[in-house]
Structures are given as structure tokens and as C-alpha cells.
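The structure appears below as C-alpha cells.
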């Protein structure tokens, strides 16, 4: 709305008054209120406003018709931002990697292979070591099978790999159950030997070698002979063994080395 200034008569467009503010005339800088009259001056006003000469005063003119408010323009829709194409992994990794600072000789170079997992080569080394140990066991199985602490491991290994172990040899594990040496009346100078023994070892053993010693009435040893399994057994095979806890009885004839044999002893080899 346009109103004349009460001081100089200049048409002034009044604006909406905000709280705590006053509008001034753009020509004479006089205060104006909402209805076009002069605004009340405060007590703290420094100097009066200079008056306008009478000849310059103009009669008030009729107020021009109030302008109709223009319709508010509807905001144009903003175009949606087009998503930028994703950067390549190499470019993203390069952008994320901080720049190395400092002189080149002081920078720590990171080996890309140092962060790679190390278990594949360690697994390969462990496999080769296991294979070497297995070869050593198989190549020396005959010597190791004669030891009680290695026998169970080698037995299980040969069972899985279908290999053979030599029979267990422990002569002191044979227990003598019965023995006798008697002359044969129908054959003078011939003695009949009878022996019963049992295998008390943990594993099967080959048939032992029997050692027979004969003594006379004076206690002198007059005969000593070692009999192999094929000599006191008629159907002996090289692979025959005595299982743990198995007992057997053998009998054979020997020539009397001297008359008046009264004592004898048996031993196992």
C-alpha cells in the first residue's frame, strides 16, 4: 500500500511491520507508522526533523488502487542427480591408500606376498616329512620289529600296507612244561627224547632251536646238541609259528654218546 509521507508528502510503499522495527521515508528519513502518520518520537530523540517549506508541500493525492498479489510461482521440480559410475576397484584402492610421506629411503616397503597364508607350504613340508619317516620305518622294519616298543606300530602299519614282518624272537619266553630222556630197550644205545613247551610271548614266535645237554654219573657233560625245528619236526615249514599261549609236544631219538647217561638239560635258542 502506498501512503504519503506526513513530512515531505512523498508516496511511500508501506511494508509489513515487524516487531520492534520502524519504517523510514526514503526521501526525508522520517519515521512512519502503519497508517501513514508520523511515528511517535521517543524522549531520547536527539534533534527535531527539519520542516519542509510550505511552498513545497503538496496536497495529498488519492491512493492508487492496491495491487493484487501475483500468484506464487510453483517451484520447478529439480532434476534428480544422475548416479556417477562406480569407480574401478583398483582406482578405489588407490584412492583409499594414503600417500607415503617422507623420503623414499625411510619408507617401509610392504611385500604383497608377506600377507599371503603360510599354511600351504607348511602343510607340504609336514607331508614330505611324514613320507620320509614312513619310508625309514618300512626300510628298517626287520630291525625295529625286534624291539618291543616298535613292534605294535610296525604291526599296524604292515597290516594297512600289506607288508610282512619277521616273526618275533624271544627264546626266554618259551616255558618248558614237561621233558624226559629215556633209553629204548628195543634199540640199545638209543635215547628217546620227549619235551613239551609253551609260547608265553606277546606275539607269535618261530619254532625254537632245542639245545639238549647230556651228563654222566660223575656230572661231566658228555654230549651237547642243538636241534633245529626241521630235525625234531617231520613236516616243518619255514612260515610255521607258535601263537601266543600255544603249547606243543615234540619227541625224537638220539644216539647215546656215552654209557650211563643219568642227567640232561634243555634250553631254547
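In the numbering used here, the protein residues as written are 36 to 304.
We put the beta carbon where it would ideally sit given N, CA and C, even for glycine.
Boundaries of the alpha helix (DSSP H) in which residue i is found, first to last residue
{"i": "residue 190", "result": "186-196"}
{"i": "residue 328", "result": "Residue 328 is absent from the structure shown; the chain starts at 36 and stops at 304."}
{"i": "residue 264", "result": "264-267"}
Residue i versus the options, residue with shortest Cα-Cα distance
{"i": "residue 288", "options": "223, 213 and 165", "result": "223"}
{"i": "residue 264", "options": "294, 253 and 304", "result": "304"}
{"i": "residue 225", "options": "48, 161, 183 and 216", "result": "216"}
{"i": "residue 261", "options": "238, 254 and 247", "result": "247"}
{"i": "residue 297", "options": "275, 256 and 286", "result": "256"}
{"i": "residue 238", "options": "221, 41 and 183", "result": "183"}
{"i": "residue 259", "options": "276, 273 and 244", "result": "244"}
{"i": "residue 300", "options": "249, 37, 276 and 282", "result": "249"}
{"i": "residue 178", "options": "277, 157 and 200", "result": "200"}
{"i": "residue 42", "options": "48, 65 and 59", "result": "65"}
Exposure label - residue i; buried when at least 16 CB within 10 Å
{"i": "residue 229", "result": "exposed"}
{"i": "residue 240", "result": "buried"}
{"i": "residue 236", "result": "buried"}
{"i": "residue 270", "result": "exposed"}
{"i": "residue 86", "result": "Per-residue confidence for residue 86 stands at a pLDDT of 47, beneath the threshold of 50, marking its modelled position as unreliable; no derived number is given."}
C-alpha gap between residue i and residue j, whole angstroms
{"i": "residue 188", "j": "residue 292", "result": "48 Å"}
{"i": "residue 280", "j": "residue 267", "result": "21 Å"}
{"i": "residue 242", "j": "residue 208", "result": "12 Å"}
{"i": "residue 192", "j": "residue 251", "result": "52 Å"}
{"i": "residue 211", "j": "residue 198", "result": "33 Å"}
{"i": "residue 204", "j": "residue 181", "result": "7 Å"}
{"i": "residue 165", "j": "residue 202", "result": "27 Å"}
{"i": "residue 153", "j": "residue 160", "result": "11 Å"}
{"i": "residue 173", "j": "residue 284", "result": "36 Å"}
{"i": "residue 253", "j": "residue 206", "result": "30 Å"}
{"i": "residue 231", "j": "residue 214", "result": "6 Å"}
{"i": "residue 67", "j": "residue 61", "result": "11 Å"}
{"i": "residue 89", "j": "residue 57", "result": "With a pLDDT of only 43 at residue 89, under 50, the local geometry of the prediction cannot be trusted, and no value is derived from it."}
{"i": "residue 218", "j": "residue 290", "result": "10 Å"}
{"i": "residue 286", "j": "residue 196", "result": "40 Å"}
{"i": "residue 168", "j": "residue 233", "result": "37 Å"}
{"i": "residue 372", "j": "residue 194", "result": "As displayed, the chain neither begins before 36 nor continues past 304, which places residue 372 out of reach and without an answer."}
{"i": "residue 278", "j": "residue 155", "result": "47 Å"}
{"i": "residue 163", "j": "residue 171", "result": "12 Å"}
{"i": "residue 175", "j": "residue 190", "result": "13 Å"}
{"i": "residue 158", "j": "residue 186", "result": "29 Å"}
{"i": "residue 282", "j": "residue 275", "result": "14 Å"}
{"i": "residue 47", "j": "residue 38", "result": "5 Å"}
{"i": "residue 227", "j": "residue 294", "result": "15 Å"}
Under the three-state DSSP convention, the category residue i falls into
{"i": "residue 239", "result": "coil"}
{"i": "residue 88", "result": "Confidence is the limiting factor: at residue 88 the pLDDT is only 47, short of 50, which leaves the residue's position unreliable and the question unanswerable from this model."}
{"i": "residue 39", "result": "strand"}
{"i": "residue 200", "result": "coil"}
{"i": "residue 177", "result": "helix"}
Residue interval of the beta strand (DSSP E) (run including residue i)
{"i": "residue 213", "result": "209-219"}
{"i": "residue 46", "result": "46-48"}
{"i": "residue 295", "result": "Premise fails: residue 295 is in no beta strand (DSSP E) and is neither H nor E."}
{"i": "residue 251", "result": "245-251"}
{"i": "residue 234", "result": "222-234"}
Chain D contact for residue i (CB, 8 Å cutoff)
{"i": "residue 285", "result": "No chain D is part of this structure, which consists of one protein chain only."}
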